[in-house]
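For the sequence shown, UniProt numbering gives the first residue as 1, with consecutive numbering after it.
Where is the CB? At the ideal position from N, CA and C, for every residue including glycine.
The structure appears right after this line, and notes come after that.
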Amino acid sequence: MRFGISGAALSPFLFLKSTNLKQNLLSGLEVGLYLSLGYVSQAVGLQTETAGSAGFLCSLQVVFVTLLASLNSKTISFPALLSALLAVLGVAQLEGLTTGFTGFTPGFITLMLQPVAFGYSYLRIETLMRENPDDALPFASSQLLSTALFSGVYATFVEGSTSLPDSFTAIFSEGFTSPQALSLAYTAVFGTIISVAVECEALKYISPREASVILTTEPLIASVGASFLLKEEFDGWIGAGLILLASGVTFVPKEWMDRLPFGKGGEEGEV
């Protein structure tokens with residue numbers, strides 16, 4: 001529902017500001033399909049798996065993006081591999097998943113679609129935004145509306161024809177100023193519109209691998225925020241350090257890394 005609200009809010013940009021409306025609609029449909037696959041797999045997997053497991057498996061997108069970018073460029077960069085490893089280890093420690101692997105359950109396998117779907121969407125967004133650099137907001141609207149469409153189709157035909165009306169009733173039964181409605185509005189504006197618009201704009205300038213490393217800071221920010229706002233105890237200092245170190249390795253200037261004996265990552269076109 002939040003994707004539909006967010007996409008509708010940005011729709012004036014799509015229909016009035018697009019330099020190429022047809023291209024934005026087609027690109028949005030493509031990326032929306034990948035995103036909805038990631039979100040649906042997340043929702044299904046969370047029915048049997050923990051939020052920590054879901055967050056950790058989602059962080060593997062940094063590995064998927066790094067490997068795919070390496071295959072495309074035919075170059076393996078040591079800093080890229082190191083930052084991916086540090087990020088994944090950091091999220092694992094932060095989510096308390098350092099005790100070992102519990103097995104390939106159906107929920108686990110479903111959640112593994114997250115890094116593939118989300119990771120590939122970053123690669124496509126980068127390509128599409130560089131083809132149409134002035135259409136960040138129109139493209140953001142298109143992909144959000146498409147995500148809402150595909151997710152709605154899944155909810156209707158898999159979860160039941162009454163799932164969407166029931167959700168709408170549950171949220172707005174007490175009016176548009178109820179805690180549920182205000183929470184939806186908050187996630188639609190701050191968690192969706194702003195984040196997706198910034199992502200589309202940023203991927204014109206940074207690589208998908210860099211973006212995926214930045215996104216591994218999400219559980220860290222959530223944990224720190226919970227410690228301040230909800231007074232929860234924060235004890236993930238090792239994980240926090242690894243995630244921040246991964247970000248540092250990612251954005252260390254190439255000339256500095258090349259001075260190290262293991263820092264040679266290839267020439268132009270490295271991941």
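- For the pair residue 134 and residue 19, the Cα-to-Cα distance works out to about 8 Å.
- Straight-line spacing of the CA atoms in residue 153 and residue 78 works out to 42 Å.
- With a cutoff of 8 Å on beta-carbon distance, residue 114 and residue 58 are scored as near each other.
- In this structure residue 137 is in contact with residue 17, their Cβ atoms being roughly 7 Å apart against a cut-off of 8 Å.
- Sequence-distant Cβ neighbours of residue 155 in its own chain, meaning closer than 6 Å and more than five residues away, are 163, 164.
- For residue 206, no alpha helix (DSSP H) encloses it, and the DSSP letter there is neither H nor E.
- Annotation for residue 46: no alpha helix (DSSP H) segment contains it, and DSSP assigns it neither H nor E.
- For the options 204, 171, 148, the alpha carbon positioned closest to that of residue 8 is the one of 148.
- Using a Cβ distance threshold of 8 Å, residue 2 and residue 188 count as a contacting pair.
- Residue 116: member of the alpha helix (DSSP H) spanning 113 to 131, first to last residue.
- Counted as a single uninterrupted DSSP element, the alpha helix (DSSP H) harbouring residue 166 occupies residues 163 to 172.
- Put simply, the stretch 202 to 214 touches the stretch 118 to 135. At least three CB pairs are less than 8 Å apart.
- Looking at the backbone, the Cα of residue 229 and that of residue 129 are separated by about 36 Å.
- The C-beta of residue 66 has 16 or more other C-beta atoms within 10 Å across all chains shown, which makes the residue buried.
- Cβ neighbours of residue 106 within its own chain (closer than 8 Å, five residues either side excluded): 48.
- For residue 151, same chain residues with a beta-carbon under 8 Å away, outside a window of 5 residues either side, are 3, 36, 39, 40 in chain order.
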